[in-house]
Amino acid sequence: MNLSSFVRHSTLSLLPPLHSTLPSRIDVTENNAAAIECSNLNYSITTRLHQSVPILKDCSLSVPSGQLWMLLGPNGCGKSTLLKILAGLLKPTNGTVYVKRPKSYVFQNPDHQVVMPTVESDVAFGLGKLNLPRDEVKTRVSKALDAVGMSKYLQRPVQTLSGGQKQRVAIAGALAEACKVLLLDELTTFLDESDQLGVIKAVKSSLGNSGEVTALWVTHRLEELEYADGAFYMEHGKIVMHGDGASIMDFIKTQQSSYTNQINS
Ligand SMILES: Nc1ncnc2c1ncn2[C@@H]1O[C@H](COP(=O)(O)OP(=O)(O)OP(=O)(O)O)[C@@H](O)[C@H]1O
3 MNLSSFVRHS
13 TLSLLPPLHS
23 TLPSRIDVTE
33 NNAAAIECSN
43 LNYSITTRLH
53 QSVPILKDCS
63 LSVPSGQLWM
73 LLGPNGCGKS
83 TLLKILAGLL
93 KPTNGTVYVK
103 RPKSYVFQNP
113 DHQVVMPTVE
123 SDVAFGLGKL
133 NLPRDEVKTR
143 VSKALDAVGM
153 SKYLQRPVQT
163 LSGGQKQRVA
173 IAGALAEACK
183 VLLLDELTTF
193 LDESDQLGVI
203 KAVKSSLGNS
213 GEVTALWVTH
223 RLEELEYADG
233 AFYMEHGKIV
243 MHGDGASIMD
253 FIKTQQSSYT
263 NQINS
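Using this note's numbering, you'd call the opening residue of the sequence shown number 3 and step up by one each time.
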């Protein structure tokens, strides 16, 4: 199940559903080449003392349709905040955002979104609102599970799945709803190496070759860059670099060694 379905049935109901009811409150310019695009995005919070604290500063990014891009940066630099703005869960202070729809936000902790008793019922859950014929639901569930390599788990109780398998079921839920954009927030944080690899491969395979599905993946793990078509690196609320995975990896390693040298000097 993805967030758009879940929020209506959980303690997270303060959050708005993602697909259908997002207000068109932000300037939106359709750009066929990009599935995700934002420009000069700022986000500030106001403290109890009525001071404005900037969290995001002039962030601009563009992710081409059909690609997997990653968003990296140190703790607290603003990655999740940016992703939540793209998902429509937070409203930017100013700037423009375009994200192709339907879009889906998948949480870091799989237990927050895989909640139905079986894999089949969980993936099908979000389709309830679409009033589809039974056969269509079955076909969509089966295709989505196939895309994430979970077909043989159809009847499995969800509580018997590993963390990585639950993440793949959550992604399948989004795919079953024909999501065009997956916004994935540190999915592999709680996973061991094999589950981590399984989830990345599932995302890659769900993108397929059609160019229809696009993903933005927030991560701390440098080794995951190998699977990215491109990446953004953030610091202190700003996107300071973007490029292919290898150049972002080199950039981060250089940053890390310069911090280490500073500490040791
Ligand atoms: N509602 C809020 N009130 C106060 N500060 C906030 C709020 N939301 C975010 N922040 C602050 O904004 C900054 C960015 O937070 P965010 O969660 O986006 O960072 P992140 O890069 O995703 O961090 P991490 O890698 O640790 O998950 C942090 O300093 C955080 O404490």
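Here a beta-carbon is modelled for each residue, glycine too, at the ideal position from N, C-alpha and C. Predicted model only: the values in this text are computed from it and were never measured.
Within the present structure, is the beta-carbon of Cys-181 separated from the nearest heavy atom of ligand 1 by less than 7 Å? The residue you call residue 181 lines up with position 179 of the sequence shown. In this structure, Cys-181 has its beta carbon at no less than 7 Å from each heavy atom of ligand 1.
Which of helix, strand or coil does DSSP assign to His-222? For the purposes of this step, residue 222 is taken as residue 220 along the sequence shown, with counting starting at 1. Under the three-state reduction of DSSP output, His-222 falls in the coil class, being neither helix nor strand.
Where the beta carbon is closer than 6 Å to any heavy atom of ligand 1, which residues qualify, in chain order? Any residue whose Cβ sits closer than 6 Å to a heavy atom of ligand 1 makes the list: Ile-47, Ile-57, Gly-75, Asn-77, Gly-78, Cys-79, Gly-80, Lys-81, Ser-82, Thr-83.
Would you report the Cα separation of Leu-2 and Thr-120, rounded to the nearest angstrom? Not covered by the structure: residue 2. The range shown for the chain is 3 to 267.
Beta-carbon proximity check, Val-65 vs Thr-216, cutoff 8 Å: The residue labelled residue 65 in the question sits at position 63 within the sequence shown. The residue labelled residue 216 in the question sits at position 214 within the sequence shown. Contact flag set, yes.
Three-way DSSP call (helix, strand, coil) for Glu-138 in this model: By 1-based counting over the sequence shown, the position of residue 138 is 136. Looking at Glu-138 - three-state DSSP - the assignment turns out to be helix.
Report the partner residues of Tyr-235 according to the DSSP bridge assignment. As a position in the sequence shown, residue 235 is number 233, starting the count at 1. For Tyr-235, the pairing in a beta bridge is given by DSSP as Leu-74, Met-243.
Please return the same chain residues whose Cβ sits closer than 7 Å to the Cβ of Glu-237, not counting the five positions on each side in sequence. Taking the sequence shown and counting its residues from 1, one reaches residue 237 at position 235. If we look at Glu-237 and ignore the five residues flanking it on each side, its Cβ neighbours are Gly-75, Pro-76, Cys-79.
At 3 residues or longer, what runs of the beta strand (DSSP E) sit wholly inside the stretch 115-167? Within the stretch 115-167, no beta strand (DSSP E) run of at least 3 residues lies entirely inside it.
Measuring only the C-alpha atoms, how far is Gln-53 from Asn-44? As a working note, residue 53 is residue 51 in the sequence shown. As a working note, residue 44 is residue 42 in the sequence shown. Using only the alpha carbons, I get a separation of about 16 Å.
Val-220 and Lys-102: beta carbons closer than 8 Å? Reading the sequence shown from its first residue, position 218 is the one you call residue 220. Reading the sequence shown from its first residue, position 100 is the one you call residue 102. No, the Cβ-Cβ distance between Val-220 and Lys-102 is not below 8 Å.
Beta-carbon proximity list for Lys-240, same chain, < 7 Å, skipping 5 on both sides: Taking the first residue of the sequence shown as 1, we reach residue 240 at position 238. Here the set comprises Lys-59, Asp-60, Cys-61.
Taking 8 Å as the threshold (C-beta atoms), are Leu-184 and Val-205 in contact? What you label residue 205 is simply residue 203 of the sequence shown in a count that begins at 1. What you label residue 184 is simply residue 182 of the sequence shown in a count that begins at 1. The answer is yes: Cβ separation under 8 Å.
Flag this pair as touching only if the stretch 149-169 and the stretch 196-205 have three or more C-beta atom pairs under 8 Å; answer yes or no. Yes, the stretch 149-169 touches the stretch 196-205.
Can at least three beta-carbon pairs, one atom from the stretch 170-184 and one from the stretch 119-134, be found at a separation below 8 Å? Judged by Cβ distances under 8 Å, the stretch 170-184 makes contact with the stretch 119-134, as three or more pairs qualify.
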